[in-house]
Each structure stands twice: as structure tokens, then as C-alpha cells.
Amino acid sequence: MNDIILLKQGEMVLKGQNRREFEIKLMSNIRRRLKPFGEFKIYCMQSTVYVEPQGLCDMESAYEATKTIFGIMSVARAAACPKEKDAILETAISYLEPLLMSANSFKVESKRADKRFPMSSIELSQYVGGLLHDRFPHLKPEMHTPELIVNVEIRDLAAYVHGSAESGAGGLPVGVGGRMITLLSGGIDSPVATYLMAKRGVKLLPVHFFSHPYTSEMAKEKVLTLTKILTKHCGRMTVEIVPFTEIQESIRTNCPEGLLTVIMRRFMMRISERIALHNGCIALVTGENLGQVASQTAEALAVTEQCLTIPTLRPLIALDKKEIIDIARNIKTFDTSILPYEDCCTVFTPRRPRTKPKIAEVLAAEESLDIEALVARALSNIERITFDI
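Here the sequence shown is numbered in numbering that gives the first Met the number 0, starting from 0 and rising by one per residue.
This is the structure:
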């Protein structure tokens, strides 16, 4: 009996002539993610990726890891056997016996991708289901809400038997959507925004702004921990840690207090764009959410991005805070995000921030700053830390 993992594609099946490129990227991501768990033969046929162990492998860990890989709709651990009805029955009995013994109701679902198989899907389901009921008489056949679904798939190379499939991460393989910069703070929102853009196939380069000594080393470690958590979904990432103290002190000294946050955000955008262009990234990603705080009104967002030449994407723009928190809990970033270490956005918060700033007044305020020199010094002192799975 050959133990194997079956990974079903999601929306990738809707792709046209470039679909093979998506499949190649998906298989590359799977190989990288499963490398710590042994050697696997990974191949794709009929919208399904097969993960076949070669020798001794940690199948449990590999199976759990596949659930976090974008581009996969469902995951099932299966047993392969010859495409013969009796072999399929015996495989179902031996491979699924613990599940068959513990369930109270069941049904068999068959899919016949190989049309040369002599039985129809319904005939095969009736055959396997009838004999399983004879072997496990406590099981009640239930076609609508069974406790256990016995799946039989007749494919090109073999037949495959497995229990109920589990949901995969969905989305598109990381890397097919280009490269982008993600502005990663220590809060709840930006890790969620990073995750959601990775789900759309984007390869992300995190940028974090650090204001020592106003923000502590613990605050920086918090962001590094968040990055490490995100690599499970996003793949290898190198965090660019930008020193931001001089810029914030210059803004506080020379600019009106009500405009501190929006001018600070404009500097973040300028620096992030420079990093983006240097690294072949096509856009910026932020965790901004319309109306959540004073710097995220429509007027403030418009002024913030006025200094850019590349797009800014905001995947959380219309989400409820509860929706964002629910995603953060699901991807395991929430508990780290709420640790009580301030980031640079909170330590210089004005008492009465302008919620509807005008671009003319912001540009006038910025005339007191040597923007190019400040940006250049920050870029020349970036610290880079790489995280992998």
C-alpha cells in the first residue's frame, strides 16, 4: 500500500495557456516547503499534485505543511492501489479501518477520471459501499450528512482511497503575482495584509521602520517573530529594517504637530518605493483600513500616496476590525501582534492629528526638511534579516 498526499488545485484550473507556469511554481513551492520532512516525488496530473514519499519521510508534518501552501484547494492523505475493484475494496478496509470503526454513518464517493475503468462512478460506489457495510455492519449508510466519506478516485496511474479531504489555503502560488514591498509594523493589520497579498500569489519583501531608542529592541523582535510566522505562508522573506529616528525627530522639530503622522507616512512611502525599485518590486502593500485611525481617512490616504510613482495596495481597506482579528487569529499572528511593545507609528502620535490634510499645506510643511538627505541616510543604514521555513 503506497501512502501519498493528494493536493487539488483551486482557481488555477481556470487559467488558460499560462496554467502550466502556475503549476510549475506551485510544485516548486511545495518542494521547498516539504524539504525539512524528507525526500518526496512531486508531480502534477489532471489538476492534482501528487506528493509521494521516497523512503522514510515525516508524512504527518508534510501533510500539515501542505495545508498552508497557497494554490491548493484541498488536501487528502491517501493510499494508492491497482485499478481493480477488489484491490480498491481491500485498500479501503485496511487503510481506513480506524475511521470505519469509529464512525456511525458513511457513504462512498467515487470519481472516475480514467474513463477506461469498466465500472461507472455510481457502480463503483455501490460495490465498495455495500461490501464495506457487510464488513462493518454498525455503519449506517447516509447519503446527505455522513460522519465519514470514503473517497475513491480512479486516475491515470492508480486508484486512490482516502477519507474526507481537508481545506487547503486556496489562492494562487506565491511568486506568480510579482514582487511587492509590504510595510510591516508590529500591529494586527499589516501581517494580515501581508498574508492576504501572498494568497494572491505575490512575493513580498517586508520593510519595517525602527526608531531606537524610542522603540525598544523588544519591539523589533516582535516584528521579526511576526515575519517568522508569516514565512509558513509567504515563503522565505528578508526584512529590511529602516532606521527612522532622525526622520521622526526632524519632522517633530520642523513641522506642525497636526501633520506629523501624515508627513511621517509620506517618508515611509518614499523610502519603501526606493527599496521597491531597487528590488524589482511593482507596488507597495499596507495594512491601512479606511477610517480606522486619523491617518487613514480618505483625505489622509490620498495625501500620503501623492509622493509615489508606483501603486499602493490596501487589502484591508474595507474590512471590519473583527474580520481582521479573525484572520490574524487564524494565521497565528494575533497573540504576537498584541504584545505591549510600541512601534514608531505610536510614539510620535500628535495630540490632535489632522484628519483632512490638504496637499498644499503638507508640501509647504515639508519645505523645511531636507527630504533627499534624510531618505538617503536612512537607506544607507538598513539592516537586513532573512527568514526561511
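Think of the CB as a built atom: it goes at the ideal place given N, C-alpha and C, for glycine as much as any other residue.
| Asked | Found |
| --- | --- |
| DSSP-derived helix/strand/coil call for N253 | helix |
| Strand pairing of D2, partner residues [DSSP] | A78 |
| L204 and E239 closer than 9 Å at C-beta | yes |
| R351 in three-state terms, based on DSSP | coil |
| Cα-Cα separation, E355 to Q247 | Per the sequence shown, residue 355 should be read as Lys rather than Glu. Answer to the nearest angstrom: the Cα atoms are 21 Å apart. |
| Backbone secondary structure at C233 - three-state DSSP | helix |
| Rounded straight-line distance, which links the Cα of V151 to that of I87 | 8 Å |
| Where S210 falls, given that 16 or more other Cβ within 10 Å makes a residue buried | buried |
| Residues that P242 bridges to, as DSSP identifies them | F209 |
| Rounded separation between L225 and I274 - CA only | 21 Å |
| Opposing strand residues paired with E132 [DSSP bridges] | The residue you asked about is not Glu; residue 132 is His in the sequence shown. The partner list for H132 (beta bridge, DSSP) is empty, contrary to what the question assumes. |
| 4-residue-minimum alpha helix (DSSP H) runs that sit fully inside the stretch 151 to 203, ordered along the chain | 188 to 198 |
| Cβ-Cβ distance between T214 and D334 below 9 Å | no |
| Residue interval of the beta strand (DSSP E) (run including T47) | T47 to P52 |
| C-beta contact flag for I4 and V107 at 9 Å | no |
| Of the residues I121, L99 and V292, the one placed nearest F135, counting alpha carbons only | L99 |
| Close Cβ partners of N253 (< 7 Å) along its chain, the five nearest in sequence each way excluded | S367 and L368 |
| Three-state secondary structure (DSSP) of R383 | strand |
| Environment of A79 [buried if 16+ CB atoms lie within 10 Å] | buried |
| beta-carbon E146 near the ligand COA non-hydrogen atom, thresh 8 Å | Only the bare structure without any ligand can be found here, which leaves the ligand COA out of the picture. |
| Proximity to L283 [Cα-Cα], best of E365, E20, P339 and I180 | I180 |
| C-beta neighbour in chain C for C233, strict 9 Å | Reference to chain C is not applicable here, since this structure consists of a single protein chain. |
| Identity of the residues DSSP links to L276 by a beta bridge | Looking at the DSSP assignment, L276 forms no beta bridge with any residue, so it has no partner. |
| Spatial distance of S401 from D325 (CA atoms) | Outside the displayed range of the chain (0 to 388) lies residue 401, so it cannot be described from this structure. |
| Simplified DSSP state of I228, which is helix, strand or coil | helix |
| For I250, the nearest candidate out of M267, L378 and Q53 (CA to CA) | M267 |
| Exposed unless 16 or more other CB atoms sit within 10 angstroms - verdict on S101 | exposed |
| Element boundaries [alpha helix (DSSP H), containing S367] | That residue, S367, is in no alpha helix (DSSP H); it is neither H nor E in DSSP. |
| For A392, the nearest candidate out of M72, T285 and D155 (CA to CA) | A query on residue 392 cannot be resolved here, the shown segment of the chain reaching from 0 to 388 and no further. |
| Sufficient close CB pairs (3 or more, under 8 Å) joining the stretch 305 to 323 to the stretch 165 to 172 | no |
| Nearest-angstrom beta carbon gap, E63 and Q53 [assumed within contact, 8 Å] | About 19 Å separates the two Cβ atoms, so there is no contact after all. |
| Bridge-paired residues (DSSP) for M44 | T47 |
| V371 classed as buried or exposed, judged by whether at least 16 other C-beta atoms fall within 10 angstroms | It should be pointed out that residue 371 corresponds to Glu in this sequence rather than to Val. So E371 ends up on the exposed side. |
| Spatial distance of S109 from I153 (CA atoms) | 8 Å |
| Supposed contact pair V241 and S402 - C-beta distance, whole angstroms, cut 8 Å | Outside the displayed span of the chain (0 to 388) sits residue 402, for which this structure offers no information. |
| N- and C-terminal bounds of the beta strand (DSSP E) containing K110 | S104 to R111 |
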